[in-house]
Amino acid sequence: MNELQKKYKTEIEELVNACHRVAELNYVTSAGGNLSVRVADNLLLITPTKTPKRIIHFDDICMIDLDGNVIYASEGKKPTGEWPFHVRIMRKRSDIKAIAHTHPPILTGFAIANNGMLDKPWLPEPITEVGPILMVPYETPLSEALSEQFDAVINNSNGFLMENHGAVFCSPISIFDAVELLNMTECMATSVLVAHILGNAKTITTEYVKEMDSVIRVRNLKMPGATGKYSSASELYGLK
Ligand SMILES: [Zn+2]
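Counted from 1, the sequence shown has number 232 at position 180 by our numbering; the numbering is strictly sequential.
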C-alpha cells in the first residue's frame with residue numbers, strides 16, 4: 053500500500069463497496085459504468101477501465117487530478133476512459149463529493165425514450181434529495197463532446213440521464229450516498245412506469261411541492277443543484 057492509499061484507505065474501501073453494490077443491483081454489467089470520489093481539492097479516486105465492478109478490489113482504484121493526470125494506477129490498470137466528464141462535473145460543482153455513472157435498466161429505458169417524464173415531482177424523497185432528472189444529449193462515450201454536454205444542466209439537479217446511454221448521480225456527501233440516490237431514482241422510475249401502465253398517473257401538486265421546503269429544513273438537507281442555485285423545491289422544479 054502506498055502513502056496515498058494509506059491516507060485514503062477508508063474512502064477507497066467505500067468506493068470498492070459501492071462498485072460491488074451497483075453490480076449486485078444489476079445497474080452495471082461487466083466493466084460498464086464508472087464511479088469517482090473527491091478526496092482533496094485536486095485529487096479524485098476513480099474506477100479503472102476494463103474491470104468488472106463485481107470483482108474490483110482495493111488496489112484497482114486509480115487516482116487522478118482535476119486535469120486528468122494519473123497520480124496512481126497499479127500495474128496494468130488505467131483510469132476509466134470516461135474520466136473527462138467526471139473531472140468536468142467536479143470542476144463545475146465544487147459541492148460534489150462523489151459521482152456514480154451506471155446503466156440501470158429502467159432508468160436507461162427512460163434515457164432511450166427521452167420523453168422528459170422524470171423531470172417532474174412524482175414522489176417526495178427524490179424531490180428533496182435528487183431533484184428533477186435532467187437529460188444530457190447523446191454524444192459518443194469517452195469523448196470530450198460528451199463531457200461538454202453536461203455544462204447546460206449540471207448546476208440544475210443532482211440526477212441526470214445520458215440519452216441512449218445511462219444515468220449519472222452526484223452526491224454532496226459520499227459515494228455511498230450517490231448509489232443510494234441512484235437506487236432511489238431507479239425505484240421511482242419503476243413506479244412511474246407502473247403508474248403509466250395502470251393509467252391516471254399524477255404528479256405531486258405545486259402547492260404540496262412548496263411544502264417540501266419545510267422537509268428540507270427539518271431534515272437539514274442540502275437543496276439539490278449547485279450551492280445557492282435554488283432557494284425552494286418549487287423553483288428547483290420550475291414551478292410557480
Ligand atoms: Zn456508460
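Just so it is clear, CB atoms sit at the ideal spot from N, CA and C, and this is done for glycine as well.
Check                                                                                                          : Outcome
Cβ pair Lys59, Ala83 closer than 7 Å                                                                           : no
Counterpart residues of Phe212 in DSSP-defined beta bridges                                                    : Leu186 and Val220
Buried or exposed by the 16-neighbour rule on C-beta atoms within 10 Å, applied to Ile113                      : buried
DSSP three-state assignment for Val205, whether helix, strand or coil                                          : coil
Three-pair Cβ contact test at 8 Å for the segment 268-277 versus the segment 152-171                           : no
7 Å Cβ cutoff met for Asn86 and His155                                                                         : no
Cα-Cα separation between Asn78 and Phe212, rounded to whole angstroms                                          : 18 Å
Cα-Cα separation between Met275 and Trp174, rounded to whole angstroms                                         : 17 Å
Identity of the residue in Lys172, Asn235 and Pro176 nearest Ala75 by Cα                                       : Asn235
Beta-carbon proximity check, Gly161 vs Val139, cutoff 7 Å                                                      : no
Those residues which DSSP pairs with Ser88 across a bridge                                                     : Ile98 and Ile151
Segment contact, 8 Å Cβ cut-off, at least three pairs: the segment 103-110 with the segment 56-71              : yes
Any non-hydrogen atom of ligand 1 within 6 Å of Gly218 CB                                                      : yes
Proximity of Pro131 and Ile179 at Cβ, strictly below 7 Å                                                       : no
Same chain, Cβ closer than 7 Å to Met240, five either side skipped, listed in chain order                      : Trp174, Leu175 and Pro178
Per DSSP, the bridge partner or partners of Tyr124                                                             : Met115
Straight-line gap, Ile123 to Arg145 (C-alpha atoms, nearest Å)                                                 : 22 Å
Ala197 classed as buried or exposed, judged by whether at least 16 other C-beta atoms fall within 10 angstroms : exposed
Distance cut-off 6 Å: Glu177 Cβ against heavy atoms of ligand 2                                                : Looking at this structure, you won't find ligand 2 anywhere; what it does contain is ligand 1.
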